[in-house]
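A.B. asks: What follows is a single structure, and I will ask about it in a moment.
2 protein chains.
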Amino acid sequence: MARKRSFNSAQILVLIFISFIILGTVLLKCPFSTKVSISWLDALFTSTSAMTVTGLNVVDPIHTYTILGTTIIMLLIQFGGLGIMTFAVLIYLLMGKRISIKQRLIIQEELNQSTLGGLIKLVKRLFIFSIFFEGFLGLLLSIRFIPDLGLEKGLYYSLFHAVSAFNNAGFSLWTNNLTGYVGDPIVNVVISALFIIGGIGFTVMNDIWEHKRWRQFSLHTKLMLLGTLIINIIAFIIILSLEHDNPGTLGTLHGTDKYWAAYFQAAAPRTAGFNSVDIGALKPPTLFFIMILMFIGAGSISTGGGIKLTTFISLLVIMFGYIRRKNEAVIMERTIPDSAIFKGLTVALLSIAIIFVAIFSLLMSERTFSFIQIAFEVVSAFGTVGLSTGITPDLSSFGQCVIAFMMIIGKLGPLTLVLSLTDRDKQRVRYPKGEIFIS
Amino acid sequence: MARKRSFNSAQILVLIFISFIILGTVLLKCPFSTKVSISWLDALFTSTSAMTVTGLNVVDPIHTYTILGTTIIMLLIQFGGLGIMTFAVLIYLLMGKRISIKQRLIIQEELNQSTLGGLIKLVKRLFIFSIFFEGFLGLLLSIRFIPDLGLEKGLYYSLFHAVSAFNNAGFSLWTNNLTGYVGDPIVNVVISALFIIGGIGFTVMNDIWEHKRWRQFSLHTKLMLLGTLIINIIAFIIILSLEHDNPGTLGTLHGTDKYWAAYFQAAAPRTAGFNSVDIGALKPPTLFFIMILMFIGAGSISTGGGIKLTTFISLLVIMFGYIRRKNEAVIMERTIPDSAIFKGLTVALLSIAIIFVAIFSLLMSERTFSFIQIAFEVVSAFGTVGLSTGITPDLSSFGQCVIAFMMIIGKLGPLTLVLSLTDRDKQRVRYPKGEIFIS
Ligand SMILES: [K+]
Ligand SMILES: [K+]
């Protein structure tokens with residue numbers, strides 16, 4: 249009567265992911281990785297932050313880790329951002345092996361695809377896109393970094409920041425992140441281009457690559473492109489008007505620097521997590537607004553996190569549809585099916601519930617920090633954003649564990665995690681063609 | 249080509265409601281109402297707080313208003329709690345006049361009913377229930393208040409607090425609300441019975457009155473009864489464990505007082521808004537938890553506010569249904585129809601959006617209060633709860649106007665307000681029989 253135990257796709261993904269975090273922790277704890285002694289918790293936090301492409305730090309990377317250490321971090325970011333299974337596929341393909349159905353199912357889960365067809369092609373493209381953007385835009389970065397840091401260090405910094413940006417990790421080798429380049433056009437344009445492209449999602453890149461013309465793009469692609477543009481413009485205006493006179497942030501900047509800083513800080517919260525101004529010095533309404541951006545996040549099947557831009561748009565469409573007395577959620581002449589609505593609603597509610605439990609826990613464990621600091625930290629971890637008011641290193645060990653856990657939940661997605669806890673195999677919701685991706 | 253302008257039901261409701269607030273403001277500003285001089289804004293705030301049965305105060309009622317003034321407040325609470333149209337119906341019926349279809353449509357809107365049949369019967373019952381509970385339980389209160397305050401004052405206090413409790417207003421004639429009776433069994437039981445019955449909703453009372461047996465109750469009634477019981481038990485346990493050692497609240501209470509205080513503060517946040525402990529002294533996690541309770545609120549078509557308990561339950565049902573891979577939202581062997589899901593989702597999202605805008609506005613206008621104090625105040629106003637950390641009188645005039653506006657939105661419901669802004673007449677979503685009420 250022994251029941252054969254086998255893991256479902258979601259469970260295998262979670263297990264592999266956790267294994268990589270543990271591997272990263274052990275490697276970062278080794279003497280060759282560090283300049284100063286760090287605790288196991290420090291190593292675990294850094295490894296989790298890198299694998300989940302979050303960028304929150306309990307230690308300052310450049311003063312703590314050796315070049316080998318930061319390179320391990322960079323590799324973890326690359327694994328985490330692109331997905332481990334996609335790497336596994338590449339290795340299999342290079343070895344000339346066939347990808348089994350079981351493996352395809354796991355990749356399907358990881359890439360949030362509804363069919364098994366075209367998966368391998370998608371994975372290959374995904375690599376080509378990554379190498380192209382990280383390489384090409386990394387070279388552009390070196391135009392600025394080589395003169396500033398010398399050839400070798402300049403190239404390394406360019407590669408590290410290109411990888412960190414494209415994978416929306418927000419890790420930086422400067423202690424004050426990118427505040428030193430607040431008004432620099434090259435750094436602003438290249439870094440933001442990298443994280444916006446990385447955050448818009450691989451299916452969107454693929455769609456643009458294949459169809460090239462707006463009319464032929466899928467609904468998902470159109471929504472992502474327009475949505476990203478609109479939300480960035482709104483965020484730019486709000487942040488500029490709130491912070492333009494704040495002496496701690498934009499107030500002391502002159503000329504175009506002010507606009508670059510507002511632009512950068514408007515685009516970065518939806519997962520990238522870089523900062524070119526001091527986040528801890530932002531006004532409370534700005535922090536609150538950035539928390540909303542962090543919750544919304546980037547695109548599905550991208551290097552970004554959050555509940556995802558299309559989920560947010562779908563919820564808005566349902567709301568405005570109901571207010572205008574429609575019984576369907578219609579956008580751009582397409583109906584959003586019930587299954588997608590249920591999924592979006594579930595993702596949003598589950599996310600809010602998890603965030604609330606985490607805030608509640610930290611309010612109990614941390615008595616020296618304010619509510620907004622704690623809420624900001626939790627939402628940042630959940631959205632795998634990595635912006636912080638600066639409290640991360642001073643959190644209690646319990647608090648750091650909660651934040652690390654939130655980063656993992658945020659990266660894997662609350663739904664994947666919940667589904668990985670259920671035993672039976674997934675009855676996949678199959679979307680009709682031309683569908684938008686939720687979460 | 250002149251277009252005849254006529255108001256839809258939602259617009260008429262909003263206009264009548266606003267008119268009563270203005271009438272109340274003028275009456276409260278008159279010299280016969282006050283012991284000390286108050287500003288127009290003070291009068292407007294008190295009138296709004298009473299009509300919306302919220303209970304937030306910028307002035308201390310007993311030291312500011314005369315007996316006539318507090319009686320005006322009591323009448324506003326009664327109008328606001330039961331609904332103005334229901335009073336109009338009573339007057340019409342007493343005058344022997346017929347209720348027109350147009351009037352019935354407005355009552356239908358006010359009572360959130362899906363059909364016109366049985367409306368007048370429901371309105372009559374509603375009055376009988378109110379008079380019965382306020383009268384009978386008010387008499388029970390006088391057992392405690394007459395010995396404490398003398399016959400005349402004792403009776404007046406009993407009536408005022410019975411009306412305030414049944415209508416979930418939370419207004420009190422004591423400066424420190426009910427903290428003086430923190431351990432008193434009569435006050436705790438009678439006041440909480442009044443606001444729980446008032447908050448559970450008139451259709452539930454009607455259903456219980458008509459069918460008497462559990463099996464014959466509607467889904468809505470069953471959900472409300474079970475939901476109220478479960479959420480109150482959970483809230484009791486959480487508040488007791490968080491606050492039992494807090495010297496500012498439960499820490500200094502002994503014996504049964506501690507349990508009475510925890511019970512009362514667990515039941516009151518879902519709209520009643522009375523307090524028997526100092527809200528400003530609660531720990532941050534407790535404040536956060538109470539904010540969630542305030543957001544959820546009481547029952548549909550009740551004297552309470554919030555997004556409503558059944559809306560909250562529906563959202564949970566959808567979420568758990570999706571996680572368990574069902575494509576329908578099923579509870580107690582009934583399916584929640586799409587229209588109710590869309591409505592619930594719209595109410596929840598609209599509520600969150602409005603709350604966020606208000607918090608954002610107050611973060612800009614009030615620089616001396618913390619994020620949690622501001623968020624608590626906004627959610628309290630939106631849920632027409634009336635609990636406060638004590639900042640209401642010290643808010644800027646702009647801030648007080650925002651809070652007053654939030655009380656109105658919370659009382660009328662964000663959906664009614666939004667629909668009143670649209671021009672065309674409502675295509676009613678008709679629910680199949682045995683449906684639950686959303687919002
Ligand atoms: K990040
Ligand atoms: K109230």
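Protein chains in written order, with the working numbering: chain A, 249 to 687; chain B, 249 to 687.
All C-beta atoms in this analysis are idealised placements derived from N, C-alpha and C, irrespective of residue type, glycine included.
1. Residues of chain B with a CB under 8 Å from the CB of A:F630: which are they?
2. Grab the span of the alpha helix (DSSP H) containing B:W462 for me, first residue to last.
3. Could you work out which residue in A:D586, A:T632, A:I620 is closest to A:S599 when comparing CA atoms only?
4. Could you check what DSSP says for A:Q259 in three-state terms: helix, strand or coil?
5. On the CB-based measure, 16 or more other CB atoms within 10 Å of its CB, does B:L399 come out buried or exposed?
6. At what residues does the alpha helix (DSSP H) containing A:Y511 begin and finish?
7. From B:F560 to A:Y511, what does the alpha carbon distance come to, in whole angstroms?
8. For ligand 1, list every residue whose C-beta falls under 6 Å from any of its heavy atoms, going in chain order.
9. Which class does A:R346 belong to by DSSP, given the choice of helix, strand or coil?
10. Any contact between the stretch 410 to 427 of chain A and the stretch 521 to 532 of chain A? By contact I mean 3 or more CB pairs, one from each, below 8 Å.
11. A:L458: buried (16+ other C-beta within 10 angstroms of its C-beta) or exposed?
12. Straight-line CA distance for A:A514 to A:K506?
13. Which whole runs of the beta strand (DSSP E) in the stretch 261 to 290 of chain A are 3 residues long or more, in chain order?
14. Across which residues does DSSP place A:Y313 in a beta bridge pair?
15. Near B:P641, what residues of its chain come up, given a Cβ to Cβ distance below 8 Å and the 5 sequence neighbours on each side ignored?
16. How many whole angstroms separate the CB atoms of B:F608 and A:F536, which I take to be in contact at a CB cut-off of 8 Å?
17. Within a Cβ cutoff of 7 Å, which residues of the same chain sit near A:L421, ignoring the five residues on either side of it in sequence?
18. What residue from B:I269, B:K345, B:T451, B:T469 has the CA that sits closest to B:L359's CA?
19. Verify the CB distance criterion: does A:F465 have a CB-CB separation below 8 Å to chain B?
20. Entirely within the stretch 384 to 433 of chain A and at least 4 residues each: give me those alpha helix (DSSP H) ranges in chain order.
21. Of the choices A:M655, A:S348, A:L488, whose alpha-carbon is the least far from that of A:A298?
22. Out of A:Q351, A:K345, A:L276, A:L541, state which residue places its alpha-carbon closest to the alpha-carbon of A:Y313.
23. Please list, in chain order, all residues of the same chain as A:T423 whose beta carbon is under 6 Å from its beta carbon, the five residues on each side excluded.
24. Tell me the rounded alpha-carbon separation between B:I332 and B:G272.
25. Looking at B:G449: is its Cβ nearer than 8 Å to the Cβ of B:S548?
26. What does the alpha-carbon distance come out to for the pair A:F380 and A:K369?
27. Under 8 Å, do B:M580 and B:K470 count as touching if we go by C-beta distance?
28. Could you pull out every residue in the same chain whose Cβ sits closer than 6 Å to the Cβ of B:G475, ignoring the five residues on either side in sequence?
29. Is A:R518 helix, strand or coil when you go by DSSP?
30. For B:T583, which beta-bridge partners are listed by DSSP?
31. Go through its chain and collect everything with a Cβ distance to A:G496's Cβ below 7 Å, but skip five positions before and after it.
32. Quick check: does the Cβ of A:Y340 come within less than 7 Å of any heavy atom belonging to ligand 3?
33. Which of the three DSSP states, helix, strand or coil, is assigned to B:G449?
34. My assumption, with CB atoms under 8 Å, is that B:L353 sits in contact with B:S489. Please give the rounded CB distance.
35. Are the C-beta of A:M580 and some C-beta of chain B separated by less than 8 Å?
C.D. replies: Judging by the given coordinates:
1. What A:F630 touches in chain B: nothing, since even the nearest Cβ is about 16 Å away.
2. Unbroken run through B:W462: none, as it is neither H nor E.
3. Measuring from the Cα of A:S599, the nearest candidate turns out to be A:T632.
4. helix
5. Exposed, by the Cβ-count rule.
6. 504 to 515
7. The C-alpha of A:Y511 is placed about 38 Å away from the C-alpha of B:F560.
8. A:V301, A:T302, A:G303, A:N416, A:A417, A:G418, A:T519, A:A520, A:G521, A:T632, A:V633, A:G634
9. coil
10. yes
11. For the record, residue 458 of chain A in the displayed sequence is Glu; it is not Leu. Label assigned to A:E458: exposed.
12. Straight-line measurement puts the Cα of A:K506 at about 12 Å from the Cα of A:A514.
13. Entirely contained in the stretch 261 to 290 of chain A, not one beta strand (DSSP E) run reaches 3 residues.
14. A:Y313 pairs with A:T282.
15. A distance below 8 Å between beta-carbons, with the five flanking residues on each side excluded, links B:P641 to the following residues of its chain, in chain order: N305, V306, V307.
16. 6 Å
17. Cβ-Cβ distances below 7 Å link A:L421 to P309, I310, T318, Y405, F408 in the same chain, with the five nearest sequence neighbours on each side left out; the list follows chain order.
18. For B:L359, the closest of B:I269, B:K345, B:T451, B:T469 by C-alpha to C-alpha distance is B:T451.
19. So no, A:F465 is outside the interface.
20. Runs of the alpha helix (DSSP H) inside the stretch 384 to 433 of chain A: 399 to 414.
21. A:M655
22. Comparing Cα-Cα distances from A:Y313 to each of A:Q351, A:K345, A:L276, A:L541, the minimum goes to A:L276.
23. D308
24. 13 Å
25. yes
26. 16 Å
27. yes
28. L557, I561
29. coil
30. B:V578
31. Counting only Cβ-Cβ distances below 7 Å, and skipping sequence neighbours, we find D526, A529.
32. This structure does not include ligand 3; its bound ligands are ligand 1 and ligand 2.
33. coil
34. Incorrect: roughly 49 Å between the Cβ atoms, too far for contact.
35. So, not an interface residue.
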